[in-house]
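J.: In this note's numbering, the protein residues as written are 133 to 282. The beta carbon of each residue, even a glycine, is placed where N, CA and C say it ideally should be. Sending over a structure as structure tokens; questions will come in a sec.
Following this line, the structure appears as structure tokens:
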């Protein structure tokens with residue numbers, strides 16, 4: 133396990149976790165042609181203008197976790213045992229997001245990712261601002277499947 137250390141001068145009990153999960157929420161901006169099909173390009177240089185135009189609207193064509201579809205499901209699912217405490221670090225580069233654990237909650241949550249700030253406690257859903265990261269600690273109390281969604 134590991135410990136999240138509090139700054140000097142704050143005499144509170146240290147929070148411990150057994151493992152850490154990183155969730156990178158990624159927006160993809162893939163341009164479409166006039167028939168609605170996704171465009172392809174011969175070279176990366178040819179593709180520059182169209183994706184840039186799609187990005188300006190800040191409406192992604194795809195949202196994936198950790199860079200690809202299925203990166204956190206099936207054989208890639210994140211697992212923890214009953215009694216284990218997991219720190220979940222979630223980042224989103226472009227848009228605000230509101231993650232939560234179906235079947236659980238954030239025991240301790242740092243929405244802005246700054247550990248020198250006191251955590252919120254027992255949040256069902258937390259708010260991660262676009263361009264930042266946040267963290268939550270959760271202890272798994274019951275066996276089962278817990279969905280982490282936004």
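For the region 251 to 265 against the region 196 to 212, are there 3 or more C-beta pairs whose distance is under 8 Å?
T.: The answer is no - the region 196 to 212 does not touch the region 251 to 265, with fewer than three Cβ pairs under 8 Å.
J.: Rounded to a whole number of angstroms, what is the C-alpha to C-alpha distance between residue 169 and residue 183?
T.: Residue 169 and residue 183: Cα-Cα distance of roughly 14 Å.
J.: What residue range does the beta strand (DSSP E) around residue 252 cover?
T.: Run containing residue 252: 252 to 255, per the beta strand (DSSP E) assignment.
J.: Going by the DSSP bridge assignment, what does residue 197 pair with across the sheet?
T.: In DSSP, residue 197 forms a bridge with 157 and 200.
J.: State the beta-bridge partners of residue 280 as determined by DSSP.
T.: Partner(s): 233.
J.: Starting from residue 214, trace the alpha helix (DSSP H) both ways and give me its first and last residue.
T.: Segment: none, residue 214 is in no alpha helix (DSSP H) and carries neither H nor E.
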